[in-house]
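Have a look at the structure below, then the notes.
2 protein chains.
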Amino acid sequence: MRMAELSRESGVAVPTIKYYQREGLLPPGELTSPNQARYTATHVRRLRLVRALLEIGGLSVAGVREVLAAIDDPTTSTHDILGLAQHGLPMAKLEVSDDDRAWAMERIETAAAERGWQPHPESPVIEAIVGVLCAFRQVGHEWALDALDLYAEAADLVADADVTAVARLGRTEAIVEGAVVGTVLGDALLAALRRLAHAEASRKLFQA
Amino acid sequence: MRMAELSRESGVAVPTIKYYQREGLLPPGELTSPNQARYTATHVRRLRLVRALLEIGGLSVAGVREVLAAIDDPTTSTHDILGLAQHGLPMAKLEVSDDDRAWAMERIETAAAERGWQPHPESPVIEAIVGVLCAFRQVGHEWALDALDLYAEAADLVADADVTAVARLGRTEAIVEGAVVGTVLGDALLAALRRLAHAEASRKLFQA
DNA sequence: CTCGTATGGATAGTATAGCTTGCCACTATA
DNA sequence: TATAGTGGCAAGCTATACTATCCATACGAG
């Protein structure tokens, strides 16, 4: 397979593919001459992964590069996947006062205890949650956090399914990729389904 | 309150505040002289909302402007909130073949039927879900969709809580803002909690 | 063999977003 | 009355994600 076919197969323009190669998102093809290379189904697949992470996952090119590096690194363990998800993936932060942080941490610990979670208090995920809780508070919609336990329950529900599904993949190198895909695209899926569920819940409540 | 205090109170730099005013994200202060204006607690609050939507929600400046316009528009009804959430908010799309679309629609309809949902098949939310499902398929991780029903259940769980909580706000103008805040920040909260739950689930499965 | 198109590789250019800087006349404050 | 702050406007800046242009070479139909 050559460049033109790779482009057709993946729906990505040739100059863009070249750009991704330069950025290290796509490995070079096998050179048959100084200016001819062959590509394989692996390239098509990788290209589709890149596009999915960029368009659906909303990752930056740099973020995709980090994620792919972890996927390709044979020393990435099953347990590291979590660290990965906390690292290259987009997690907004908000600077926050000590008071707000303490308040948020307390709420998080309460909710975690309820679910039997034992989170490390200094992980970036906790930081992200602190940021979100403080944002809710700062904009004056603290009431929304009454449902924090419920949100945690929903997260638990899908996370259990995610982890067991990934574990079922076997010990191949696909497990890390599966975890990444599940994490990134899963976020988008959950968000979209939540919108749909909003519409249905509102219909039931107001229209009935 | 003058510019400097507004800046201190909100943690946003003065030039940035001016920029937001130019972009229509923040109403002008009440002019007391040609070059002096007074700001109120409303401005602080609005500014914090803008920052939350930008940093936590990941909206663009243009997206924030649309959302704020809807919040400020007195003709925005409770029911329109859903349309709003589907409109100004970031929802990635992926171009998709007819085959893939048909396959995705079938899966969506199955899952929707299971939950008693009756979604309009041409809404942008459905489009977004189609995109995500096709992305899963295109990158070769269709297995992740075994949990689609579970994702829908989780979405239902939080959406019910969201809608009833918003409905409890009463018929003030805060209801629309509440819905927006809940939708946008709620996405971030759910995503972060899911990361946390992943870590816990993996700990239970692998480390125990 | 040949001629038009495709290719790999490199460099440079573009468009957009989200600020940031500079400037000005003017105003509050000490 | 000196100093710092202000509203308003225009221009500039940085980063991101592509696009476009070149070039020497290679492939492939005739």
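Residue numbers (this note's numbering), protein chains in the order written: chain A, 3 to 210; chain B, 3 to 210.
Just so it is clear, CB atoms sit at the ideal spot from N, CA and C, and this is done for glycine as well.
As the structure is a computational prediction, the values presented were derived from the model and not from experiment.
* **Short CB-CB distance (under 8 Å) between Y41(A) and chain B** => To locate residue 41(A), count along the first sequence from 1; it is residue 39. By this cut-off, Y41(A) is not an interface position.
* Asked: Can you list, in chain order, the residues of the stretch 140-157 of chain A whose Cβ is nearer than 9 Å to any Cβ on chain B?
  -> Q140, V141, G142, H143, W145, A146, L147, D148, A149, L150, L152, Y153, A154, E155, A156, A157
* With DSSP collapsed to three states, give me the class of T18(A). => Position 16 of the first sequence, counted from the start, is the residue given in the question as residue 18(A). T18(A) falls in the helix class under three-state DSSP.
* **Close beta carbons around G26(B), own chain, < 7 Å, minus the five adjacent residues each side** => By 1-based counting over the second sequence, the position of residue 26(B) is 24. Closer than 7 Å at the Cβ level, and outside the excluded window around G26(B), lie R67.
* What do you get for L198(A), buried or exposed, if any count of 16 or more other CB atoms within 10 angstroms of its CB means buried? -> Position 196 of the first sequence, counted from the start, is the residue given in the question as residue 198(A). So L198(A) ends up on the buried side.
* Amino acids of chain B, ordered along the chain, whose beta-carbon sits closer than 7 Å to that of D1(A) -> In this structure chain A extends from 3 to 210, so residue 1(A) is not present and cannot be described.
* Interface positions of the stretch 50-83 of chain B facing chain A (Cβ-Cβ less than 7 Å), listed along the chain -> R50, L51, A54, E57, I58, G60, T80, H81
* Please name the residue or residues paired with Q38(A) in a DSSP beta bridge. => Along the first sequence, read from residue 1 onward, the residue named residue 38(A) stands at position 36. For Q38(A), which the question treats as bridged, DSSP gives the partners S35(A).
* Asked: Using a Cβ cut-off of 9 Å, which residues of the stretch 185-202 of chain B contact any Cβ in chain A, in chain order?
  -> T185, L187, G188, D189, A190, L191, L192, A193, A194, L195, R196, R197, L198, A199, H200, A201, E202
* Asked: How is the alpha helix (DSSP H) around G118(A) delimited, first residue to last?
  -> Taking the first sequence and counting its residues from 1, the one referred to as residue 118(A) is at position 116. Here G118(A) belongs to no alpha helix (DSSP H), and DSSP marks it neither H nor E.
* Three-state secondary structure (DSSP) at A201(B)? -> Here residue 201(B) is taken as the residue at index 199 of the second sequence, counted from 1. Helix.
* To do: Can you have a look at A104(A) and say buried or exposed, based on whether 16 or more other CB atoms are within 10 angstroms of its CB?
  => The residue given as residue 104(A) occupies position 102 in the first sequence. The residue is exposed, with fewer than 16 neighbouring Cβ atoms inside 10 Å.
* Contacts around L28(A), its chain only, beta-carbon distance under 8 Å, and the 5 residues preceding and following it disregarded -> By 1-based counting over the first sequence, the position of residue 28(A) is 26. Same-chain partners within the cutoff: I19, Y22, H45, R48, L49, V52.
* Where does L147(A) fall in DSSP's three states? -> Along the first sequence, one-based indexing puts residue 147(A) at 145. Helix, per DSSP.
* Short Cβ contact (8 Å threshold) for A157(B) with V168(B) -> Translated into the one-based positions of the second sequence, residue 157(B) becomes position 155. Translated into the one-based positions of the second sequence, residue 168(B) becomes position 166. In this structure, V168(B) does not lie closer than 8 Å to A157(B) by Cβ.
* Asked: Under a Cβ-count criterion, where at least 16 other Cβ atoms within 10 Å of its own Cβ denotes burial, should G172(A) be classed as buried or exposed?
  -> Indexing the first sequence from 1 puts residue 172(A) at position 170. With fewer than 16 Cβ atoms within 10 Å of its Cβ, G172(A) is classed as exposed.
* Measure the C-alpha to C-alpha separation of V134(B) and E144(A) and round it to an integer number of angstroms. => Sequence index remark: in the second sequence, residue 134(B) carries index 132 (1-based). Sequence index remark: in the first sequence, residue 144(A) carries index 142 (1-based). If you take the alpha carbons of V134(B) and E144(A), they lie about 31 Å apart.
* Start and end residues, alpha helix (DSSP H) containing D74(B) -> Taking the first residue of the second sequence as position 1, residue 74(B) is located at position 72. Note, D74(B): alpha helix (DSSP H), 63-74.
* Cβ of I19(B) within 8 Å of any chain A Cβ -> One-based indexing of the second sequence puts residue 19(B) at position 17. No, because no Cβ of chain A sits closer than 8 Å to the Cβ of I19(B).
* To do: Out of E155(A), T166(A), A64(A), state which residue places its alpha-carbon closest to the alpha-carbon of L191(B).
  => Mapped onto the second sequence, residue 191(B) falls at position 189. Answer by Cα proximity: E155(A).
* Under 8 Å between C-beta atoms of S204(A) and V165(B) -> In the first sequence, the residue the question calls residue 204(A) occupies position 202. In the second sequence, the residue the question calls residue 165(B) occupies position 163. Yes, they are a contact pair.
* Can you tell me the Cα-Cα spacing of I131(A) and G118(B), whole angstroms? -> Walking along the first sequence from the start, residue 131(A) turns up at place 129. Walking along the second sequence from the start, residue 118(B) turns up at place 116. Approximately 32 Å between the Cα atoms of the pair.
* Asked: How many angstroms separate the CA atom of V127(B) from the CA atom of D189(B)?
  -> Locating residue 127(B) in the second sequence gives position 125, counting from the first residue. Locating residue 189(B) in the second sequence gives position 187, counting from the first residue. Each residue's Cα considered, the two are about 14 Å apart.
* Asked: Using DSSP with H/G/I as helix, E/B as strand and the rest coil, what is T112(A)?
  -> As a working mapping, residue 112(A) is identified with position 110 in the first sequence. Three-state DSSP puts T112(A) in a helix.
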